[in-house]
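Adding 1 to a residue's 1-based position in the sequence shown gives its number in the numbering used here.
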Amino acid sequence: MTELLKLQDVRMYFRVRKGFFRSVDVKAVDGVSISLKRGETLALVGESGSGKTTLARVSLRLLKPTSGRVLFDGKDITETPEKELRWFRRRAQAIFQDPYSSLDPFMTVRQLVEEPLILHKIGSTSDERLELVIRALEDVKLTPAEEFLGKYPHMLSGGQRQRVGIARALILRPEYIAADEPVSMIDASSRAEILYLMRELQEKHDIAFLYITHDIATARHFSDKLAVMHLGKIVEFSEPVEVVENPLHPYTQALIDAVPEPDPANRFRERRSVMGEPLSPANPPSGCNFHPRCPYAMEKCSKQTPPLIEIKQGHYVACHLYPGE
Ligand code: SF4
2 MTELLKLQDV
12 RMYFRVRKGF
22 FRSVDVKAVD
32 GVSISLKRGE
42 TLALVGESGS
52 GKTTLARVSL
62 RLLKPTSGRV
72 LFDGKDITET
82 PEKELRWFRR
92 RAQAIFQDPY
102 SSLDPFMTVR
112 QLVEEPLILH
122 KIGSTSDERL
132 ELVIRALEDV
142 KLTPAEEFLG
152 KYPHMLSGGQ
162 RQRVGIARAL
172 ILRPEYIAAD
182 EPVSMIDASS
192 RAEILYLMRE
202 LQEKHDIAFL
212 YITHDIATAR
222 HFSDKLAVMH
232 LGKIVEFSEP
242 VEVVENPLHP
252 YTQALIDAVP
262 EPDPANRFRE
272 RRSVMGEPLS
282 PANPPSGCNF
292 HPRCPYAMEK
302 CSKQTPPLIE
312 IKQGHYVACH
322 LYPGE
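#1: To the nearest angstrom, how far is it from the Cα of G160 to the Cα of S51?
#2: Who sits around the ligand SF4, taking every residue whose Cβ is closer than 7 Å to one of its heavy atoms?
#3: I'd like to confirm the pairing. Which residues does DSSP put opposite A180 in its beta bridges?
#4: Just mark R18 as buried or exposed, buried being the case when its beta carbon has 16 or more other beta carbons within 10 Å.
#5: Three-state secondary structure (DSSP) at Q163?
#6: Just reading off the beta strand (DSSP E) that T42 is part of, what are its end residues?
#7: Where E83 and Y14 are concerned, what is the direct C-alpha to C-alpha distance, given to the nearest angstrom?
#8: Using the rule of at least 16 other Cβ atoms within 10 Å of the residue's Cβ for burial, across every protein chain shown, is K304 buried or exposed?
#9: Please return the same chain residues whose Cβ sits closer than 8 Å to the Cβ of D207, not counting the five positions on each side in sequence.
#10: Quick check on DSSP: helix, strand or coil for D140?
#11: Sort F210, Y323, H215 by Cα distance to S185 and report the nearest one.
#12: For E199, count neighbouring Cβ atoms within 10 angstroms of its own Cβ and tell me buried if that reaches 16, exposed if not.
#13: Compare the C-alpha of G32 against each of L72, K234, I123 and name the closest.
#14: Would DSSP call S185 helix, strand or coil?
#15: Whole angstroms is fine: what's the gap from A44's alpha carbon to K205's?
#16: Where does D362 fall in DSSP's three states?
#17: Give me whichever residues DSSP pairs with E240 in a beta bridge.
#18: If you draw a straight line from the alpha carbon of H321 to that of D181, how long is it in whole angstroms?
#19: For M108, which residues does DSSP report across the bridge?
#20: Please go through the same chain and pick out, in chain order, the residues whose beta-carbon is closer than 6 Å to the beta-carbon of G69, but skip the five residues on each side of it.
#21: So, are the CB atoms of A93 and L61 less than 8 Å apart?
#22: Between G151 and T109, what straight-line distance do the alpha-carbon atoms span, to the nearest angstrom?
In structure tokens, the structure reads:
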């Protein structure tokens, strides 16, 4: 399988003013490389402020990176002007966190799902587009589709609204979808359903997914590869089972320890690490940017940035605890 999406050494810095005379660079993404094949899901896991959403926006070329390259289907689109990205806009789509704010409350389900077709001039007649809208609603299991066509977002449940958001993304038959916390704002009972639906649609249409989440437990079940981000950098990367069952980076260990334990027998297990408050990307620590929160920090941790290296086959970590750097 060839790579569909490739981000190479991407940096995304935002200049912000500090007082009257000074400005600083907020390093939202700081030297990240990822790749995705068709039909594959990469989960990006981390707390808010870790740079996940910014990286997703760069992958969709909604942001032009400060440095590094963005390649889609072998074409370098890093510097491509917006007016020449029409083909890419059709092939790459987004699913947003909050289905309520991402859907225009004054548009019906039919109008919402039909809008991308009109923007991309697909379907020559209204009937032809209606046919495609009905098929997209059936794909996301809003059936019978005819009953939903005339409804407005406020008439739907959170899960149904997110299904409309997915139908909007799917109707253009994209090859790549960035899903930014797609289930974090819907009720717990609908979350698994939506994630299973996305998985099903991915297999049916061979879509590559970037799944952005703070929840390492769902990332484990709904991804093929898992990358953990802290303050703009990837600190651990491997297959999901490997990362969750054998976490190497202290930050990954702390994220796993923070997952609620459903089994009462294991509820009081010993914590392996103490995390403290998230740090600001506007003022990242020197060396390993996790060192102020790390219970294993050594002297060199505040001076040298550990590179992301392969510790065992397919399992990468950026931490001075591991030999080989
Ligand atoms: Fe902790 Fe040092 Fe490893 Fe960073 S490099 S995670 S501070 S031990």
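Ideal Cβ positions, reconstructed from N, Cα and C, are used throughout, including at glycine.
As the structure is a prediction and not an experimental result, all values here were calculated from the model.
In brief:
#1: One-based indexing of the sequence shown puts residue 160 at position 159. One-based indexing of the sequence shown puts residue 51 at position 50. Distance between the alpha carbons of G160 and S51: 27 Å.
#2: H250, P251, Y252, C289, F291, H292, C295, Y297, A298, M299, C302, P307, C320, H321, L322
#3: Taking the sequence shown and counting its residues from 1, one reaches residue 180 at position 179. Answer is I96, Y212, bridged to A180.
#4: Along the sequence shown, read from residue 1 onward, the residue named residue 18 stands at position 17. With fewer than 16 other Cβ atoms within 10 Å, it is exposed.
#5: For this step, residue 163 is matched to residue 162 along the sequence shown. DSSP places Q163 in helix when its eight states are reduced to three.
#6: Numbered from 1 along the sequence shown, position 41 holds the residue referred to as residue 42. Residues 42 to 46.
#7: In the sequence shown, residue 83 corresponds to position 82, counting from 1. In the sequence shown, residue 14 corresponds to position 13, counting from 1. When rounded, the distance between both Cα atoms is 20 Å.
#8: By one-based count along the sequence shown, residue 304 stands at place 303. Exposed, because fewer than 16 other Cβ atoms sit within 10 Å of the Cβ of K304.
#9: What you label residue 207 is simply residue 206 of the sequence shown in a count that begins at 1. R39, G40, E176.
#10: By 1-based counting over the sequence shown, the position of residue 140 is 139. It is helical.
#11: Indexing the sequence shown from 1 puts residue 185 at position 184. Closest by alpha carbon: H215.
#12: As a first step, residue 199 must be located in the sequence shown, where it is residue number 198. According to the sequence provided, residue 199 is Met. The question's Glu does not apply to it. Buried is the call here.
#13: Counting from 1 along the sequence shown, the entry for residue 32 is found at position 31. The candidate whose alpha carbon is nearest that of G32 is K234.
#14: Working through the sequence shown from its first residue, we reach residue 185 at position 184. If DSSP states are grouped into helix, strand and coil, S185 belongs with coil.
#15: Position 43 of the sequence shown, counted from the start, is the residue given in the question as residue 44. Position 204 of the sequence shown, counted from the start, is the residue given in the question as residue 205. Roughly 19 Å separates the two Cα atoms.
#16: Outside the shown range of the chain, which is 2 to 326, sits residue 362, and nothing can be said about it.
#17: Taking the sequence shown and counting its residues from 1, one reaches residue 240 at position 239. Partner(s): none; E240 has no beta bridge.
#18: Counting from one through the sequence shown, the residue named residue 321 turns up at place 320. Counting from one through the sequence shown, the residue named residue 181 turns up at place 180. Computed Cα separation, rounded: 31 Å.
#19: Translated into the one-based positions of the sequence shown, residue 108 becomes position 107. In the DSSP output, where bridge partners are listed per residue, M108 has none listed.
#20: As a working note, residue 69 is residue 68 in the sequence shown. The residues are Q9, D10, V11, R12.
#21: For this step, residue 93 is matched to residue 92 along the sequence shown. For this step, residue 61 is matched to residue 60 along the sequence shown. For A93 and L61, yes; Cβs fall inside 8 Å.
#22: Numbered from its first residue, the sequence shown carries residue 151 at position 150. Numbered from its first residue, the sequence shown carries residue 109 at position 108. Roughly 5 Å between the two C-alpha positions.
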